[in-house]
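To start, the structure itself, in structure tokens.
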Amino acid sequence: MAEEQDEEDRGARQDELDALAAIYGDDCSIFPVESRCEIHVPDARVTLRALLPAGYPSKLAPYVEIEDQSGCVPRYDVQAQADALHAESPGDVILFQLVEWLKECLSPDMAAGSEEEALHSSHEDVREEGRGQEEYTEVQTLEAAIAHGSLQQPEGEVTIEQV
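If you read the sequence shown in my numbering, its first letter stands for residue 47, the second for the next number, and so on.
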């Protein structure tokens, strides 16, 4: 029985590695002898490394980590997510789900760069429209306070939540 399960696990691991290679193409490196792979997340400069141990997927989750090449992507607890996905679906392969989860986690961070560009552009618009340096400085001060969480609501104002 144990040998039969080991054989099923081995087949599932190989099928998963083949599927990941087909899905992610050049962004995926497969090392079949070690039962491991590396998947580069496009546009994020992040690589997910996964080792598929004997006993995966029937008994164990894959061992995973991320390499952040950009230095600006927050570290997520990828191993905890792999463990949670495995616990939800014991016996099922989960690396595709894990990569998609990682992409979702990174998408706000990847968009942050474009938000900064938009913010910079709005500052330039204020200057170009001739509103003056004083208003431009006020906008910068408010945005900095919001970003650092130090902006407090003045007394006497009513918010939507209070109504």
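For every residue, glycine included, the Cβ atom is placed at its ideal position computed from N, Cα and C.
Source: prediction; values computed, not measured.
Can you give the beta carbon distance from Glu62 to Val139, rounded, assuming they're within the 8 Å contact cut?
Correct: roughly 4 Å between the Cβ atoms.
Which first and last residues belong to the alpha helix (DSSP H) in which Ala65 is found?
Taken as a continuous stretch (DSSP letters only), the alpha helix (DSSP H) holding Ala65 covers 48-70.
Contact between the segment 51-68 and the segment 90-100 is defined here as three or more beta-carbon pairs at a separation below 8 Å; is this criterion met?
Yes, the segment 51-68 touches the segment 90-100.
Since Leu141 contacts Val87 with CB under 8 Å, what's their CB separation in whole angstroms?
About 13 Å separates the two Cβ atoms, so there is no contact after all.
In this structure, how does DSSP classify Ser75 when only helix, strand and coil are distinguished?
The answer is strand: DSSP assigns Ser75 an E or B state.
Exposed or buried, which one is Glu50 when buried takes at least 16 other CB atoms within 10 Å?
Under this definition Glu50 is an exposed residue.
Please report the straight-line C-alpha distance between Pro136 and Pro103, rounded to a whole angstrom.
If I take the Cα positions, the gap works out to 7 Å.
So for Asp129, helix, strand or coil by DSSP?
Three-state result, Asp129: helix.
Among Arg82, Pro108, Leu148, which one has its Cα closest to the Cα of Asp64?
Cα-wise, what sits closest to Asp64 is Arg82.
Is the beta carbon of Leu94 sitting closer than 8 Å to the one on Ile112?
In contact: Leu94 and Ile112 (Cβ atoms closer than 8 Å).
Should Ile69 be labelled buried (16 or more other beta-carbon atoms within 10 Å of its own) or exposed?
The residue is exposed, with fewer than 16 neighbouring Cβ atoms inside 10 Å.
Provide the residue span of the beta strand (DSSP E) that contains Asp114, from first to last.
Asp114 -> beta strand (DSSP E) spans 109-114.
Among the candidates Gln143, Glu150, Val79, Asp129, whose CA atom is the shortest distance from the CA of Leu106?
Ranking Gln143, Glu150, Val79, Asp129 by Cα distance to Leu106 puts Asp129 first.
Going by Cα to Cα distance, which pick from Tyr109, Asp73, Leu66 is closest to Val124?
The candidate whose alpha carbon is nearest that of Val124 is Tyr109.
Going by C-alpha to C-alpha distance, which of Gln60, Ala126, Gln127, His132 sits closest to Pro78?
The residue with the shortest Cα to Cα distance from Pro78 is Gln60.
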